[in-house]
Amino acid sequence: MPEFKLPDPGEGLQEAEIVRWLVAVGDTVAVNDILVEIETAKSLVELPSPYAGVVSALLVAEGEDVAVGTPIIRIGEDDAATEVTTGPVLTEAAAEPVAEPQPSTPAEDAGRTAMLVGYGAKGGAVARRPRKGGGVVAVPETDQVSEAYDTANPVSRKIDEVTPSDRLDATASGDYLPPPGRPSAGARGGRRPLSTPAVRRVARDLGVDLNQLVGSGANGLITAEDVVAAAAGGLPGRDRRSPLRGVRREMFKAMTASLQVPQATAMIEADVTGSVEMLELLKARREFTGLRVSPLLVFAKAACLAISKIPEINSSYDAERDEVVLHGAVNLGIAAATPRGLLVPNIKNAERMNLVELTQALNAMVAVAREGRVQPYDLANGTFTITNIGVFGVDGGTPILSPGEAAIMCLGTIRRKPWVVGTGEDERIEPRSVCTVSLTFDHRLVDGEAASKFLSEVATIMSNPGLALLF
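In this note's numbering, the protein residues as written are 191 to 661.
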């Protein structure tokens, strides 16, 4: 029976986290069907199936880190009986057979608690292939997890044997149970709390000790709602611990490494009124229909033009050859806060793009980042980065370099300010749109003069976009 081993996603990394299984035991899959989402230190990747057949075992639970080459799923022949094994995914199975399912009323169905977090009654559930001699417990597929912490994904599990305490039917035992999430003074007598892997992961992330809870589910099953309730109204001042994984771990290492580089920051206040007015004209043009046009577009174009005059801004240091590399292409990175953490995807050859092409590229990048689908190619080989903290209402900052790059430009929020315009007798104060622009640079590759000239060029273009025609 073939086992699918975790492949190298092509990034030279040694491990990945199982984020979400998209199949369940008993599912029939074809070659190239997506089996699972994994997260590496750089990206979220979907793995297709190299085999056709029936899923017989999920060998690694969601949330687990596994090394490249580790078997993660077992797929049997399509006409073979499916062996019910899910490795660590199902851990509460014991030794008593399940009773034959009895007909139930809608009211009874509504009162049941799902064994795996994230399930409830829903029409059109996926049918599972029955195993000869074994029982099938159908797990309804609607979300039962509180919106405060959604961690589960719809799957079903085929099982042969479970203990009576594992049954999904909520029976009235008459025993008193404390309200959901309330601590229990060690009433379990050393027994492991009854919970699912997904719930245990929620508890780890929120810093909740499952041994202190009594579950509100069937026969004391601890649910995600119990954990969230304990986290929200439980012990005040408690510490929360969360492991460094995936993108967060990579960012942690990258920022630490970046600070080994001698960095300096220069700033300028730019009158960007001309660019703001130009953007309104662009929005009305047919070429920009359906595209989001923002000041970031003009700043990105201005940076590419300024780099053509001050190329050391777009450079890097090759330590192996002890050489400074002036990059011919501007692979323009845009720092993006995503659900997976801080990512810096980049637009390849941004200096070759006109405003329409650059707008399309920026829009596509934002969409991919929001969906969490940034791929390794999008993150590789960046040469210059822009971070826009102005969207958070911040006036300015001193960002840290992206590793391997010579400079990063930071944009503050655009505010209306009194500004002196004109010269001599024509001087007057007018309200203008003003933005603080800063540049953090590797002082080994870029000196203060080059950094100052770059900022001055960017500010000049932003003040009068028509000057871009001179480049």
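Each residue gets a CB set at the ideal place from its N, CA and C atoms; glycine is no exception.
Remember, predicted model here, so these are calculated numbers, not experimental data.
*Candidates Ile224, Val556 and Ala490: which alpha carbon is nearest Arg542's?*
The sequence position of residue 542 within the sequence shown is 352, counting from 1. The candidate whose alpha carbon is nearest that of Arg542 is Ala490.
_Length of the line joining the Cα atoms of Met441 and Pro593_ = For the purposes of this step, residue 441 is taken as residue 251 along the sequence shown, with counting starting at 1. For the purposes of this step, residue 593 is taken as residue 403 along the sequence shown, with counting starting at 1. When only Cα atoms are considered, Met441 and Pro593 end up about 10 angstroms apart.
*DSSP puts Cys600 in a beta bridge; with which residues?*
Taking the sequence shown and counting its residues from 1, the one referred to as residue 600 is at position 410. Answer is Thr577 and Ser628, bridged to Cys600.
*So Val610 packs on Met457, CB below 8 angstroms; how close in whole Å?*
Counting from 1 along the sequence shown, the entry for residue 610 is found at position 420. Counting from 1 along the sequence shown, the entry for residue 457 is found at position 267. Wrong, their Cβ atoms sit about 19 angstroms apart, outside the cutoff.
_For Glu252 and Gly266, what's the separation of their Cα atoms in angstroms?_
Indexing the sequence shown from 1 puts residue 252 at position 62. Indexing the sequence shown from 1 puts residue 266 at position 76. Glu252 and Gly266: Cα-Cα distance of roughly 21 angstroms.
*asked:* On the CB-based measure, 16 or more other CB atoms within 10 Å of its CB, does Ala342 come out buried or exposed?
replied: As a first step, residue 342 must be located in the sequence shown, where it is residue number 152. Reliability fails at Ala342, whose pLDDT of 41 lies under 50, so the model's placement of it is uncertain and the value that follows must be treated cautiously. Buried is the call here.
*Would DSSP call Leu234 helix, strand or coil?*
To locate residue 234, count along the sequence shown from 1; it is residue 44. Residue state, collapsed to three classes: strand.
_DSSP state of Ala206 mapped onto helix, strand, coil_ = By 1-based counting over the sequence shown, the position of residue 206 is 16. Reduced to three states, the DSSP call for Ala206 is strand.
*Excluding the 5 residues preceding and the 5 following Ser498 in the sequence, name in chain order all residues of the same chain whose CB lies nearer than 8 angstroms to its CB.*
In the sequence shown, the residue the question calls residue 498 occupies position 308. Around Ser498: Glu541 and Phe661.
*asked:* Please report the distance separating the alpha-carbon of Ala474 from that of Leu659.
replied: Reading the sequence shown from its first residue, position 284 is the one you call residue 474. Reading the sequence shown from its first residue, position 469 is the one you call residue 659. One C-alpha to the other measures close to 21 angstroms.
_C-beta contact flag for Ser385 and Ala393 at 9 angstroms_ = Here the question's residue 385 lines up with position 195 in the sequence shown. Here the question's residue 393 lines up with position 203 in the sequence shown. Yes, the pair counts as a contact, with Cβ atoms nearer than the cut-off.
*Go to Ala665, then tell me how far its alpha helix (DSSP H) extends in each direction, as first and last residue.*
Residue 665 falls outside the range modelled here, since the chain spans only 191 to 661, and no answer is possible.
*On the three-pair Cβ rule with 8 angstroms, is the region 446 to 463 touching the region 647 to 655?*
yes
*Best match in Leu495, Ala447, Ala509 and Pro529 for proximity to Gly518 [C-alpha to C-alpha]*: Locating residue 518 in the sequence shown gives position 328, where the first residue counts as 1. Closest option to Gly518, Cα to Cα, is Leu495.
*asked:* Given a cut-off of 9 angstroms on the beta-carbon distance, is the pair Val389 and Ala420 in contact?
replied: As a working mapping, residue 389 is identified with position 199 in the sequence shown. As a working mapping, residue 420 is identified with position 230 in the sequence shown. Not in contact: Val389 and Ala420 (Cβ atoms no closer than 9 angstroms).
_Same chain only: Cβ atoms within 8 angstroms of Ala641, ignoring 5 sequence neighbours per side_ = Here residue 641 is taken as the residue at index 451 of the sequence shown, counted from 1. Hits under 8 angstroms: Ala454, Ala456, Ile503, Ala597, Leu629 and Phe631.
*In chain order, which continuous runs of the alpha helix (DSSP H) of length 4 or greater are located wholly inside the region 473 to 535?*
485 to 499
*How long is the line joining the alpha carbons of Glu615 and Arg622, rounded to whole angstroms?*
Along the sequence shown, read from residue 1 onward, the residue named residue 615 stands at position 425. Along the sequence shown, read from residue 1 onward, the residue named residue 622 stands at position 432. Between Glu615 and Arg622, the C-alpha separation is close to 20 angstroms.
*Give a yes or no on whether the C-beta atoms belonging to Pro199 and Val221 are separated by under 9 angstroms.*
As a position in the sequence shown, residue 199 is number 9, starting the count at 1. As a position in the sequence shown, residue 221 is number 31, starting the count at 1. No, they are not a contact pair.
*What three-state label does DSSP hand Ser642 in the structure shown?*
To locate residue 642, count along the sequence shown from 1; it is residue 452. Looking at Ser642 - three-state DSSP - the assignment turns out to be helix.
*In chain order, which alpha helix (DSSP H) runs of at least 4 residues are fully inside the region 400 to 462?*
414 to 423 and 436 to 448
*If you run the structure through DSSP and keep just helix, strand and coil, what is Phe661?*
In the sequence shown, counting from the first residue as 1, residue 661 sits at position 471. Of the three classes helix, strand and coil, the one that applies to Phe661 here is coil, per DSSP.
_Residues sharing a beta bridge with Thr148, DSSP_ = Past the boundaries of the shown model lies residue 148; the chain is included only from 191 to 661, so the question cannot be answered.
*Spatial neighbours of Asn571 within its chain, please: CB distance less than 6 angstroms, with the 5 preceding and 5 following residues excluded, ordered by chain position.*
Position 381 of the sequence shown, counting from 1, holds the residue named residue 571. Within the same chain, Asn571 has close Cβ partners Asn521.
*Give every residue of the same chain whose Cβ lies closer than 7 angstroms to the Cβ of Pro240, excluding the five residues on either side of it in the sequence, and list them in chain order.*
Counted from its first residue, the sequence shown places residue 240 at position 50. These residues qualify, in order along the chain: Phe194 and Val221.
*Where do the ends of the alpha helix (DSSP H) carrying Asp395 lie?*
Here residue 395 refers to the residue found at position 205 of the sequence shown. Note, Asp395: alpha helix (DSSP H), Pro387 to Leu396.
_Reduced DSSP category for Leu212 - H, G, I as helix; E, B as strand; rest coil_ = The residue given as residue 212 occupies position 22 in the sequence shown. Reduced to three states, the DSSP call for Leu212 is coil.
*Exposed or buried, which one is Asp217 when buried takes at least 16 other CB atoms within 10 Å?*
Indexing the sequence shown from 1 puts residue 217 at position 27. The residue is buried, with at least 16 neighbouring Cβ atoms inside 10 Å.
*Mind reading off the beta-carbon distance from Met599 to Ile576? Whole number of angstroms is fine, and I expect it under 8 angstroms.*
In the sequence shown, the residue the question calls residue 599 occupies position 409. In the sequence shown, the residue the question calls residue 576 occupies position 386. Indeed, because the Cβ distance is near 5 angstroms, the residues count as touching under 8 angstroms.
*Mind reading off the beta-carbon distance from Pro655 to Met468? Whole number of angstroms is fine, and I expect it under 8 angstroms.*
The residue given as residue 655 occupies position 465 in the sequence shown. The residue given as residue 468 occupies position 278 in the sequence shown. Yes, they are in contact, since the Cβ atoms of Pro655 and Met468 sit about 5 angstroms apart, within 8 angstroms.
*Are the CB atoms of Arg560 and Thr588 nearer to each other than 9 angstroms?*
Here residue 560 corresponds to residue number 370 of the sequence shown, with the count starting at 1. Here residue 588 corresponds to residue number 398 of the sequence shown, with the count starting at 1. The answer is no: Cβ separation not under 9 angstroms.
*Candidates Glu470, Leu569, Ala509 and Pro485, of which the one nearest Ala526 by Cα*: Your numbering for residue 526 matches position 336 in the sequence shown. Checked all of Glu470, Leu569, Ala509 and Pro485; the closest Cα to Ala526 is Leu569.
*Looking only at DSSP bridge pairs, what is Glu227 linked to?*
Locating residue 227 in the sequence shown gives position 37, where the first residue counts as 1. DSSP lists Arg210 and Glu236 as partners of Glu227.
*Cβ-based neighbour list, Ser506, same chain, cut-off 8 angstroms, excluding 5 preceding and 5 following*: Along the sequence shown, read from residue 1 onward, the residue named residue 506 stands at position 316. Hits under 8 angstroms: Val514, Val515, His517, Thr573, Gly594, Glu595, Ala596 and Leu635.
_Relative to the C-alpha of Arg439, which candidate in Ala493, Asp255 and Glu227 has its C-alpha closest?_
For the purposes of this step, residue 439 is taken as residue 249 along the sequence shown, with counting starting at 1. Checking every option, the nearest Cα to that of Arg439 belongs to Asp255.
*For Leu434, is the classification buried or exposed, using 16 other Cβ atoms within 10 angstroms of its Cβ as the cut-off for buried?*
Position 244 of the sequence shown, counting from 1, holds the residue named residue 434. Burial call: exposed.
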